[in-house]
DNA sequence: CCTCGTTGTGTCTTCGTATTCATATCGAAT
DNA sequence: ATTCGATATGAATACGAAGACACAACGAGG
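Chains as they are written, first to last, in this note's numbering: chain A, 1 to 111; chain B, 1001 to 1111.
Encoded structure:
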């Protein structure tokens, strides 16, 4: 008896730079939420992550890349500050979405 | 400026059963070595893993699957014991190799 | 019945990752 | 000038995965 259909094929993909991880599914969600919410703290809350973790993630990527992916603002009575993706950050997110989509198609055919 | 080529796409694939991981690249290497060496301890040594780790991996998979994937023997002055894959274990390994190969082909075309 | 190499298992340590907490800083709006 | 919500950051803690160590159990063959 064959078990071709018994097991589910799962996968993870991510982009690397100089051997270091840049962005995977979680990172993509973070960047997406920051773009949508214009705030690191709200992005973190929406994703059920700690602010500390999201902030650290951003810094880690920026250290690896050598360029900022998020531009932040401080202060302001209404809002208190905020954040948005840099063009660089947007490109990174788009590139991830692109390869993710390609791989999904490839997997669908593999089915 | 686009960064299509700046980042390296990396990925991991594995098979799951009821949402739990069964076998990925590492697991496949373990099963392969066990089949080749007819011994868990030699397989572990060849792979640079601890016996404990390899043994635990096997047990975890068997708990998830509800069936043994490795048959073991104890005792004997010459050999002292040994192990080999059950038919079930062989099928699992083959199934992993199959999807791995398919995915590699799909990715090569996607490139 | 003794030996030897392997299986089987508990425990402790290490280590990377993620969470929590606490606190300082900023600055536009009021 | 005061306020308020967000950014920024250190430190302590928690947690799970993996490795290191130690040792008991087994049993075919000599």
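By construction, the Cβ of each residue, glycine as well, lies at the ideal position given by its N, Cα and C atoms. No experiment lies behind these values; they were computed from the predicted model shown.
In chain B, which residues lie less than 7 Å from residue i when you measure between Cβ atoms?
| i | result |
| --- | --- |
| residue 12 of chain A | 1011 and 1012 |
So residue i contacts chain A; which residues on that side make the cut at Cβ distance below 8 Å?
| i | result |
| --- | --- |
| residue 1106 of chain B | 106, 107, 109 and 110 |
| residue 1047 of chain B | Near residue 1047 of chain B there are no residues of chain A at all, since even the closest Cβ is about 22 Å away, more than 8 Å. |
With a cut-off of 8 Å, does the C-beta of residue i fall near any C-beta of chain B?
| i | result |
| --- | --- |
| residue 16 of chain A | yes |
| residue 103 of chain A | yes |
| residue 62 of chain A | no |
For a contact defined as C-beta to C-beta under 8 Å, what are the partners of residue i on chain B?
| i | result |
| --- | --- |
| residue 70 of chain A | Those within 8 Å of residue 70 of chain A in chain B number zero; the least Cβ separation is about 17 Å. |
Leaving out the 5 sequence neighbours to the left and right, which residues in its chain are closer than 7 Å to residue i when beta-carbon positions are compared?
| i | result |
| --- | --- |
| residue 1091 of chain B | none |
| residue 17 of chain A | 64 and 65 |
Does residue i come within less than 8 Å of chain A when only Cβ atoms are used?
| i | result |
| --- | --- |
| residue 1099 of chain B | yes |
| residue 1031 of chain B | no |
| residue 1022 of chain B | yes |
| residue 1090 of chain B | no |
Which value, in whole angstroms, describes the spacing of the CA atoms of residue i and residue j?
| i | j | result |
| --- | --- | --- |
| residue 1063 of chain B | residue 1070 of chain B | 12 Å |
| residue 1083 of chain B | residue 1093 of chain B | 16 Å |
| residue 3 of chain A | residue 52 of chain A | Here residue 3 of chain A scores only 47 on pLDDT, less than 50, and its place in the model should not be relied on; the value that follows carries that caveat. Distance between the alpha carbons of residue 3 of chain A and residue 52 of chain A is about 44 Å. |
| residue 1103 of chain B | residue 39 of chain A | 38 Å |
| residue 1068 of chain B | residue 1059 of chain B | 8 Å |
| residue 1014 of chain B | residue 10 of chain A | 5 Å |
| residue 45 of chain A | residue 1107 of chain B | 36 Å |
| residue 89 of chain A | residue 61 of chain A | 10 Å |
| residue 972 of chain B | residue 1042 of chain B | Past the boundaries of the shown model lies residue 972 of chain B; chain B is included only from 1001 to 1111, so the question cannot be answered. |
| residue 1054 of chain B | residue 1076 of chain B | 22 Å |
| residue 1086 of chain B | residue 1019 of chain B | 23 Å |
| residue 1012 of chain B | residue 12 of chain A | 5 Å |
| residue 21 of chain A | residue 29 of chain A | 15 Å |
| residue 1078 of chain B | residue 1037 of chain B | 15 Å |
| residue 105 of chain A | residue 48 of chain A | 29 Å |
| residue 1008 of chain B | residue 1080 of chain B | 47 Å |
| residue 1074 of chain B | residue 1057 of chain B | 19 Å |
| residue 1006 of chain B | residue 6 of chain A | 38 Å |
| residue 1109 of chain B | residue 109 of chain A | 12 Å |
For residue i, which residues of its own chain have a beta-carbon under 6 Å away from its beta-carbon, when the five flanking residues on both sides are left out?
| i | result |
| --- | --- |
| residue 72 of chain A | 83 |
Heavy atom of the ligand MG less than 7 Å from the Cβ of residue i, yes or no?
| i | result |
| --- | --- |
| residue 44 of chain A | With respect to small molecules bound, the structure shown includes none, and the ligand MG cannot be examined in it. |
Worksheet item: Three or more C-beta pairs closer than 8 Å, one from the region 91-111 of chain A and one from the region 1091-1098 of chain B: is that the case here?
Response: no
Fill in: Stretch-stretch touch, CB-based, cutoff 8 Å, three pairs: the region 1025-1036 of chain B with the region 16-28 of chain A
no
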